[in-house]
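The structure under discussion appears below in the form of structure tokens.
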Amino acid sequence: MVERIKAQIERENMKNAQLAKVAQANKEQANVFAHKWGKLRLVAKKMREKAEELEDAMVDTRREDRAIRAFEIPMQEDVAGEVLGVSSVTVIKDHEVTEKTVDISLYKGQHLLLSGPNGVGKSTLLESIANGKAKWAHIAPGIRVGYYR
Numbered sequence: 001m002v003e004r005i006k007a008q009i010e011r012e013n014m015k016n017a018q019l020a021k022v023a024q025a026n027k028e029q030a031n032v033f034a035h036k037w038g039k040l041r042l043v044a045k046k047m048r049e050k051a052e053e054l055e056d057a058m059v060d061t062r063r064e065d066r067a068i069r070a071f072e073i074p075m076q077e078d079v080a081g082e083v084l085g086v087s088s089v090t091v092i093k094d095h096e097v098t099e100k101t102v103d104i105s106l107y108k109g110q111h112l113l114l115s116g117p118n119g120v121g122k123s124t125l126l127e128s129i130a131n132g133k134a135k136w137a138h139i140a141p142g143i144r145v146g147y148y149r
């Protein structure tokens, strides 16, 4: 994945360099034509417009990518039984908050998919469970919880 991102950034940088070179050449040629008489001034104006279009077409390269430090999650061998239990959840529907009773149990090796649109609280839910602030969720004693943000 990292290699693909690096390759994409390199392609975008190469395309930007090419577009900048063409735009600069058009500007220089437009300046030469602008000092001449007659129809060449109109050509110079069109060339400047084309150079502006080329500059606008330049792609913004991704700069916010930071390397994710390598980390390892060691498996706890002494885990048996229920790892995480959820007894209730808070649901907001039609601007009304209601608490629903659920019975969710996760055991070693099981996975639970949290899905939903952006901004509904998936990360907040996980963070509250990891920090132990969720009153409705209980983590088995001896379980080490990590939350990478």
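Anchor point for the sequence shown: position 100 equals 100 in the UniProt record's numbering, and the numbering is continuous, going up by one each time. Even glycine gets a Cβ: it sits at the ideal position worked out from N, Cα and C.
Cα-Cα, which of the options is closest to residue i?
i    : options                   : result
G146 : L126, A134, A137 and K135 : L126
A57  : M75, E12 and A70          : E12
Q76  : R41, G109 and N131        : G109
Please confirm whether residue i and residue j have their CB atoms less than 9 Å apart.
i    : j    : result
M47  : A30  : yes
E55  : A17  : no
L113 : L84  : no
G142 : V97  : no
A137 : I129 : yes
F91  : E99  : The question names Phe, yet the displayed sequence has Val at residue 91. In contact: V91 and E99 (Cβ atoms closer than 9 Å).
Would residue i be called buried (16 or more neighbouring beta carbons within 10 Å of its own) or exposed?
i   : result
N26 : buried
A7  : exposed
A44 : buried
A51 : buried
For residue i and residue j, I'd like the C-alpha separation in whole angstroms.
i           : j    : result
G121        : E28  : 54 Å
G119        : K133 : 20 Å
I68         : V32  : 50 Å
M14         : I5   : 14 Å
S88         : K135 : 9 Å
E49         : D94  : 52 Å
P117        : T124 : 13 Å
T101        : G81  : 22 Å
K72         : Y148 : Correcting the residue identity first, residue 72 is Glu in this sequence and not Lys. So the two alpha carbons sit approximately 11 Å from each other.
H111        : M1   : 23 Å
residue 157 : E53  : Limits of the chain in this structure are 1 at one end and 149 at the other, which puts residue 157 out of reach.
N131        : I9   : 37 Å
S115        : D103 : 18 Å
E3          : R41  : 47 Å
A70         : R144 : 19 Å
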